[in-house]
Amino acid sequence: MTLDPTLDRVTRRIEERSADRRRLYEERMQQQHRRGVHRAELSCGNLAHGFAACNAGDKNSLKLMNSANIGIVSSYNDMLSAHQPLEHFPELIKEAARGMGSTAQFAGGVPAMCDGVTQGQPGMELSLFSRDVIAMSTAVAMSHNMFDGALYLGVCDKIVPGLFIGAARFGHLPAVFVPAGPMPSGLPNAEKSRIRQLYAEGKVGRDALLEAESDSYHSAGTCTFYGTANSNQLMLEMMGLHMPGTSFVNPGTPLRDAITRFSTEQVIRNSDQGGDYHPFYKQIDAHAIVNAMVGLLTSGGSTNHTLHLVAMAASVGLTITWDDFAELSTVVPGLTRIYPNGQADVNHFHAAGGVSFLVRQLLSAGLMHADVRTAFGTDMTAYTQEPFLEGDRLVWREGTQQSLDEEVLRPITRPFSATGGLAVLDGNLGRGVIKVSAVKPEFRRVEAPVRIFDDQSQVKAAFESGELDRDVIVVVRFQGPRANGMPELHQLTPFLGVLQDRGHKVALVTDGRMSGASGKVPAAIHITPEAVDSGPIAYLRDGDRVLLDPDNGVLEALVDAETWAQREPASCDLDHYHQGMGRELFAGFRQLVGGAEEGAATFGGFDAADLPGGHT
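Count along the sequence shown starting at 1, add 4, and that's the number in the working numbering.
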């Protein structure tokens, strides 16, 4: 299939602008591969430390260099539903490795925090920074250099991007990402949202709200709405880092366990010792990254990935920009309706045809790169298949040729929308992004006076006092990465939704974040430069009229130039954001972090200062 011209142009532009960075990254990975795994060169004392806790059989294998040793890096904890299923994965992996005449060791754990728990709480201000902590933790886990390949066990928000960035530092090794799968469907998302809005209006009590939330988030597995966690899984599959069709298989099932075992066997086959060396750095190139971007757009995925994918691409020596997302969005159609973009959850999406159907449609239209050599050992055309059990044997068969529910998943010939669900905004207030796939067209363009807040808790008080019961653009500033770690602002959604339901024109503008769960109210987010850096958003005043027009990519303060020029940027006392709940430990992160459009990372890409004019 001939590539779509826009897809081809954007990919080539990424390759051209990244040429020096990418060359340096590949050279360093080749150097690391030539040096080899140092297990062969460790002193007797070093090696003895490395296998002291192993059983006799594994010790004997590790003394030899002709079998692979796989490092397991996991985000397991048993407080969070998405990660609890990972508890038993290491034993499955070790058994599978032994069956291949190889070994696996638990290299290390990485932290996994949940935005659902910390939403609106001080801990949320550590959330974005946890991605970079996870990347560094991954590096620590793999730094013993005992390993010939790696399995990365993670699911949610910052966890997968962090594992990916860490894996990129060890890109000379083969890597497979192993998902845990979503929990079974619970309370329908529409009903959950209805009860949240009733609670925001004071029409139901906390008991009813807690019951609804508990019925929705009810068992082990990933939350079933299409937020950042499930966007992660789809994008990993679109890059070929999962086995085909495995992202949304429920946990605790024989099929899920078989997939975990097969993933172990496959990473061993991809190792030097396995005879078909296929390292991470050769797989994850511009074609793979563009596939991930396309997957995000066609599925109406999380806006968090306008941060994370930029940082992930940088870790493999590639520079992508918001303009790349915007240009791809003009040709990538919306093919799914998964909550909050529709009423179905990811289980319904998977049952309707899932990723295999999505890949089939995109390949047929030339809207993704087929030539990525995947961790499965094939190109992307194999990702039109799904896994099944035949007795105890795991097999792959071609997925459905037709969507089994066109209310959830559409063919390329009948998309839900002609363009992707993401727009980039530009204007005299800076640059930002907006997810429009869940916003009805009649609600997208908003021109209204602003009401400015410096803390999300102030919005709740203003709503309850009736101050916001009008056409209004709510501005919540000093929420960027340097100010307070760029927390999610989802607790605002019910209040703004109520105002919209009352017939008002309503929108949100912020230098903070709203993830893939953002819903029906237009939200211009990730505004950069942020307020703490005297970005234009800091010059707004209560009552200024602002135009938000995502269909035309516009975010403008309708203030005359002379008035604007006479203003000084607003300031905010940020000390209360920096104390308590461990936030003191992240002072260095707030000083080092880059802007939203650069991925809001606390470290540079692979190039750093090694290139002419480079920077960290």
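C-beta: ideal position from N, C-alpha, C; glycine also.
C-alpha gap between residue i and residue j, whole angstroms
i              : j                 : result
glutamine 460  : alanine 422       : 35 Å
isoleucine 531 : asparagine 488    : 14 Å
proline 554    : leucine 589       : 38 Å
alanine 527    : leucine 512       : 5 Å
glycine 542    : histidine 580     : Correcting the residue type first, residue 542 is alanine in the shown sequence and not glycine. Answer to the nearest angstrom: the Cα atoms are 19 Å apart.
leucine 429    : valine 440        : 12 Å
proline 485    : glycine 105       : 47 Å
proline 192    : glutamate 572     : 48 Å
glycine 520    : leucine 7         : In this prediction, glycine 520 scores a pLDDT of 49, lower than 50, which makes its location untrustworthy; no coordinate-derived value is stated.
serine 134     : valine 114        : 10 Å
alanine 466    : leucine 472       : 6 Å
valine 359     : glycine 586       : 39 Å
valine 144     : arginine 38       : 21 Å
alanine 216    : glycine 120       : 14 Å
histidine 92   : proline 258       : 13 Å
alanine 318    : alanine 172       : 10 Å
threonine 497  : valine 525        : 7 Å
valine 159     : phenylalanine 151 : 22 Å
arginine 198   : glycine 598       : 38 Å
isoleucine 263 : valine 335        : 34 Å
arginine 25    : arginine 455      : 43 Å
glutamine 406  : threonine 417     : 12 Å
histidine 354  : leucine 332       : 25 Å
leucine 155    : aspartate 396     : 23 Å
leucine 371    : alanine 574       : 45 Å
histidine 582  : serine 368        : 51 Å
glutamate 446  : valine 463        : 24 Å
glycine 584    : valine 480        : 22 Å
histidine 176  : threonine 378     : 15 Å
isoleucine 293 : threonine 325     : 12 Å
isoleucine 138 : alanine 290       : 24 Å
methionine 33  : arginine 414      : 40 Å
Neighbourhood of residue i by C-beta, 7 Å cutoff - its chain only, sequence neighbours within 5 removed
i              : result
alanine 101    : Ile74, Thr107, Ala108, Thr268, Ile272
histidine 246  : Phe181, Pro183, Leu240
valine 350     : Pro186, Thr228, Tyr230, Asn234, Phe252, Ile342
alanine 224    : Ser85, Gln88, Pro89, Met187, Pro255, Gly256
methionine 490 : Leu132, Gln483, Gly484, Gly516, Arg517, Ala604
alanine 509    : The residue you asked about is not alanine; residue 509 is lysine in the sequence shown. Result list for lysine 509: Val450, Ala452, Asp475, in chain order.
Residues bridged to residue i [DSSP beta-bridge criterion]
i                 : result
threonine 532     : Arg435
serine 622        : With the chain covering 5 to 620 only, the question about residue 622 has no answer from this structure.
isoleucine 456    : Val479
glutamate 560     : Leu551
phenylalanine 392 : Val399
tyrosine 156      : Val77, Phe181
glutamate 451     : Leu551
leucine 426       : Lys439
Residue i - DSSP class collapsed to helix/strand/coil
i              : result
serine 251     : coil
isoleucine 416 : coil
alanine 315    : helix
proline 9      : helix
arginine 39    : helix
glutamate 20   : helix
valine 359     : helix
leucine 28     : helix
alanine 348    : strand
valine 440     : coil
threonine 385  : helix
glutamine 365  : helix
glutamine 270  : helix
alanine 291    : One point to set straight first is that residue 291 is histidine, not alanine, in the sequence displayed. Helix, per DSSP.
proline 445    : helix
Residues near residue i in its chain [Cβ-Cβ closer than 6 Å; skip 5 each side]
i             : result
aspartate 328 : Val14
aspartate 409 : Ala356
glutamine 237 : Pro183, Ser251
aspartate 560 : A quick correction: the sequence has glutamate, not aspartate, at residue 560. Cβ neighbours of glutamate 560 beyond the five flanking positions: Gly431, Asn432, Leu551.
beta-carbon residue i near the ligand GTP non-hydrogen atom, thresh 7 Å
i           : result
aspartate 8 : You won't find the ligand GTP in this model; it holds no ligand whatsoever.
Cβ shell of residue i (< 8 Å), same chain only, five flanking positions each side left out
i             : result
tyrosine 281  : Pro178, Asn274, Ser275
leucine 578   : Phe482, Ala487, Asn488, Val536
glutamine 375 : The question names glutamine, yet the displayed sequence has aspartate at residue 375. Same-chain partners within the cutoff: His291, Asp383, Met384.
threonine 10  : Glu331, Leu332, Thr334, Val335
tyrosine 203  : Gly209, Arg210, Ala212, Leu213, Pro498
glutamine 270 : Val180, Met247, Ala379, Phe380, Gly381
8 Å Cβ cutoff, residue i in contact with chain D
i             : result
glutamine 460 : Of the protein chains in the structure, only one exists, and it is not chain D.
**Item:** Unbroken stretches of the alpha helix (DSSP H), 4 residues or longer, contained in the region 70-140
**Value:** Runs of the alpha helix (DSSP H) inside the region 70-140: 93-103, 119-122.
**Item:** Complete runs of the alpha helix (DSSP H) confined to the region 470-551 [at least 4 residues]
**Value:** You should have 485-488, 497-505.
**Request:** Jot down the residue ranges of each uninterrupted alpha helix (DSSP H) in the region 175-263, minimum 4 residues, whole runs only, in chain order.
**Result:** Segments of the alpha helix (DSSP H) lying fully in the region 175-263: 193-204, 210-220, 232-242.
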